[in-house]
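Under our numbering, the letters of the sequence shown match residues 43 to 296, in that order.
Beta carbons are placed, not taken as given, at the ideal position from N, Cα and C, and that holds for glycine.
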Amino acid sequence: MENYQARYAGRLRLDRRVMPESKAIRLLEGRLAEQEVELTRLRAEVRALRGELLRAQASRDAGASSSAQPVGGDLAVHLQGALDRAEARVQELEEQAREIGAQMESLRLELEAKISGLEAERRTMVTAMEELRDDRATMRGRLLEAREREREAETARARIAADYEILKDRVLKKRREQQRQAQQATPARTGSAFASLDDIVSLGDPSVVRGGVQRLEASTASRPPLLDRRREREEEEVSSSRMQRPKERKQRDE
43 MENYQARYAG
53 RLRLDRRVMP
63 ESKAIRLLEG
73 RLAEQEVELT
83 RLRAEVRALR
93 GELLRAQASR
103 DAGASSSAQP
113 VGGDLAVHLQ
123 GALDRAEARV
133 QELEEQAREI
143 GAQMESLRLE
153 LEAKISGLEA
163 ERRTMVTAME
173 ELRDDRATMR
183 GRLLEARERE
193 REAETARARI
203 AADYEILKDR
213 VLKKRREQQR
223 QAQQATPART
233 GSAFASLDDI
243 VSLGDPSVVR
253 GGVQRLEAST
263 ASRPPLLDRR
273 REREEEEVSS
283 SRMQRPKERK
293 QRDE
């Protein structure tokens, strides 16, 4: 900000030098100085002419009493004319000096108004720069907050990913454990089903205990196979049913 103010102050000085009003004031000041020199010279000349005119008039008054032609008459007229011209020039220069002074005052007022406008513009720009500095500080703070939130979000995402991996491992382990338990339970269920079937088949067989295990004291050679016993039972049932049918017919005939 200090560098900006220094640059702006230099620009303001440059503007003062290149402004049309500033140039006009400098020109008028130069003309006024020249006229002041000329006025000083003319005033000195007027004083000298007045002195010579007074001496010429005194000489003319002294020679008026004699009959001779006054010698200083023409000189007095000449001096009076020169004095009148010098006084007229002095008045003209003084009038021009007053006009130049009025112009310089007007230009000075305009220049001061422009300078005041530039100063107001400078103050406005300084205020704007201060606001921009505050906005920059605010934006920097917001940027830092956004970066902090982004870091927190990255940390949260990493934590969520780690938790997800842990949960996935736990689920996979639990699933493998369930599959292992299911595989271990399947042979046991099959064996129990076979044991119950053997129990059903071995009903009435004194050589077989529950679970399909044969008694040790029973002789396997003296016992017919399981299929033969089933066949014998079926044949007995068929023969008994055949024997009952003639009895039923006989009873119907009676």
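{"Asked": "Alpha-carbon spacing of E278 relative to Q221, whole angstroms", "Found": "50 angstroms"}
{"Asked": "Exposure of L91, with buried meaning 16 or more beta-carbon neighbours within 10 Å", "Found": "buried"}
{"Asked": "Whole-angstrom C-beta distance between I142 and L84, which should lie under 8 angstroms", "Found": "Not quite, the Cβ-Cβ distance comes to about 16 angstroms (not below 8 angstroms), so this is no contact."}
{"Asked": "C-alpha distance - L14 paired with M181, whole-angstrom precision", "Found": "In the structure displayed, the chain extends from 43 to 296; residue 14 sits before or after that span and is not available."}
{"Asked": "Meets three-Cβ-pair contact criterion under 8 angstroms: the stretch 71-83 and the stretch 134-153", "Found": "yes"}
{"Asked": "Straight-line Cα distance separating L149 from V168", "Found": "28 angstroms"}
{"Asked": "Straight-line gap, R140 to L125 (C-alpha atoms, nearest Å)", "Found": "22 angstroms"}
{"Asked": "Between the CA atoms of E172 and A155 - distance to the nearest angstrom", "Found": "25 angstroms"}
{"Asked": "Per-residue burial, A170 [other beta carbons within 10 Å of its own, 16 or more giving buried]", "Found": "exposed"}
{"Asked": "Inter-residue Cα distance where the pair is D176 and E192", "Found": "24 angstroms"}
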